[in-house]
Amino acid sequence: MVKKYLRRKPLEYERKIEEGVFDTQTIGALRKLMKLNIIDSMGGVISTGKEADVFKGYIKGELRAVKIFRIETTGFKDIAPYIEGDPRFRLHGRKHEIVFEWAKKEFRNLGRAFHAGVRVPKPFKVLRNILVMSFIGNNSDPASPLNAISADQIKNPKKLSKLLLDNLKNLYQKAELVHADFSEFNVLMKFLNEPYLIDFAQAVLKNQLNAEMFLQRDAENFVRYFVKFGLKFSRQEILAKIQVGKA
Ligand SMILES: Nc1ncnc2c1ncn2[C@@H]1O[C@H](COP(=O)(O)OP(=O)(O)OP(=O)(O)O)[C@@H](O)[C@H]1O
Ligand SMILES: [Mg+2]
0 MVKKYLRRKP
10 LEYERKIEEG
20 VFDTQTIGAL
30 RKLMKLNIID
40 SMGGVISTGK
50 EADVFKGYIK
60 GELRAVKIFR
70 IETTGFKDIA
80 PYIEGDPRFR
90 LHGRKHEIVF
100 EWAKKEFRNL
110 GRAFHAGVRV
120 PKPFKVLRNI
130 LVMSFIGNNS
140 DPASPLNAIS
150 ADQIKNPKKL
160 SKLLLDNLKN
170 LYQKAELVHA
180 DFSEFNVLMK
190 FLNEPYLIDF
200 AQAVLKNQLN
210 AEMFLQRDAE
220 NFVRYFVKFG
230 LKFSRQEILA
240 KIQVGKA
C-alpha cells in the first residue's frame with residue numbers, strides 16, 4: 000500500500016530509492032496514477048529484474064500489475080534495433096526520456112495486441128516509466144512464467160503449442176507485430192493451461208527493419224521449447240503458420 004507504506008515505512012522507501020526503483024519521480028508518478036484513479040494502492044513485488052520491477056497494484060480491491068521500468072540501472076543500450084524504423088517512437092534524449100519511450104512502446108504494443116484478440120494483459124495506462132495493466136493470476140497469486148513450470152505439469156503440450164501458435168499468428172497477422180523476445184520466459188500460464196504473452200516493449204511492427212530476423216528467432220525459441228516434449232516442429236513450418244497460416 001504505497002500511500003500508507005510511504006508514510007509509515009520511510010526506510011523501505013529509502014531502500015527502494017537506493018535500488019534505483021522508487022526514485023522521487025517514480026513516487027510522483029505513482030501518486031499521479033492514484034489521483035487519476037488508475038490505482039488506489041500498491042501491493043507487494045511480483046518480480047524484480049534488470050530492466051523492470053513488477054508489483055501488484057489495486058483499484059477498488061481489484062488487482063493490477065504495475066510494471067516500473069528502471070531508469071538508472073537498465074541495460075538499455077541494446078534497444079536501438081527495436082526502435083529504428085518505427086515512426087511511433089524516437090531514440091534520442093536523455094536516459095530517462097528513452098526509458099519513458101520504451102514504456103510507452105510496451106503500452107502501445109500491448110494495446111494493439113489486445114485489440115487484435117491476442118491473449119495479453121490489457122494495458123490501462125502508461126505514465127513516465129510506469130505501465131499499469133491487468134493482473135494475470137490465479138486469483139490473487141501471480142501466474143507462473145512458463146519457464147518456471149516443470150514439464151510434467153504441462154498436461155497437454157500439443158494443445159499448448161497450438162494455443163501459443165494461434166496467439167503468435169494473430170499477433171503477426173492481425174496486430175501486425177513481431178514479439179521479438181518470445182520464449183518461455185515471456186509466457187504467463189494462468190491456471191497452468193491459459194498462456195498469456197507478456198513483455199512487449201521490444202515488439203516491432205512487422206514491416207520494420209529487423210522484424211524478419213526477430214520473427215525467425217521467435218520461431219526458433221518456439222521449436223526449442225517444445226523439443227523436450229518430443230514435439231518436433233521445424234522452424235520453417237512454424238514461420239509459415241505464423242505468417243501465412245489461416246488467421
Ligand atoms: N500482467 C502481469 N500479471 C502478473 N504478473 C506479471 C504481469 N506482467 C509481468 N508479470 C511478472 O513480472 C515478470 C517480469 O515481467 P516482464 O517480462 O514484462 O518484464 P521484463 O522486461 O522481462 O523485466 P526484466 O527483464 O527486468 O526481468 C514476469 O515474468 C511475471 O512474473
Ligand atoms: Mg520478460
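Last residue of the sequence shown? That's 246 in numbering that gives the first Met the number 0, and every number before it is there in order. Backbone N, C-alpha and C define an ideal beta-carbon position, used for all residues, glycine too.
Judged by the Cβ position, Met132 qualifies as a neighbour of ligand 1 at the 6 Å threshold, a heavy atom of the ligand being closer than this. Comparing alpha-carbon positions, the option among Tyr57, Ile135 and Phe106 lying closest to Val203 turns out to be Phe106. Check the Cα spacing between Gln201 and each of Lys189, Asn185 and Tyr195: the tightest is with Asn185. Under the DSSP definition of a beta bridge, Phe54 partners with Val44 and Val65. The residues Ala64, Leu109, Met132, Ser133, Ile135, Tyr195 and Ile197, in chain order, have a CB closer than 7 Å to that of Pro120 in the same chain once the five nearest residues on each side in sequence are set aside.
By the 16-neighbour rule on beta-carbons within 10 angstroms, Gly56 is buried. Straight-line spacing of the CA atoms in Glu183 and Lys66 works out to 19 Å. Bounds of the alpha helix (DSSP H) holding Leu29 are Thr23 to Lys34. Taken through DSSP and simplified to helix, strand or coil, Phe213 comes out as helix. With contacts defined as CB atoms closer than 7 Å, Gln207 and Asp85 qualify as a contacting pair.
The set of residues with CB atoms less than 6 Å from any heavy atom of ligand 2 reads, in chain order, Phe184, Asn185 and Asp198.
In the DSSP assignment, Glu193 falls within the unbroken beta strand (DSSP E) covering Glu193 to Leu196.
Taking C-beta separations shorter than 8 Å and ignoring five residues to either side along the sequence, the partners of Lys154 in its chain run Leu191 and Asn192, following chain order.
Boundaries cannot be given for Ser149, as no alpha helix (DSSP H) includes it and DSSP labels it neither H nor E.
Proximity of the beta carbon of Ser182 to ligand 1 is not indicated: no heavy atom of the ligand is located closer than 6 Å.
Ligand 1 never approaches Pro122 closely enough for any of its heavy atoms to be under 6 Å from the residue's Cβ.
If you draw a straight line from the Cα of Phe54 to the Cα of Ile241, it comes to about 32 Å. Under the rule that a run must span 3 or more residues, the beta strand (DSSP E) segments found entirely inside the segment 78-128 read 122-126. If you check the C-beta of Gly43 against ligand 1, you find no heavy atom less than 6 Å away.
In this structure the segment 165-177 lies against the segment 209-228, because at least three pairs of beta carbons, one per stretch, are closer than 8 Å. Within the same chain, and ignoring the five residues on either side of Phe225 in sequence, the residues whose Cβ sits closer than 7 Å to its Cβ are Pro156, Ser160 and Phe232. For Leu130, the three-state secondary structure derived from DSSP is strand. For Gly27 and Glu236, the gap between their C-alpha atoms comes out near 49 Å.
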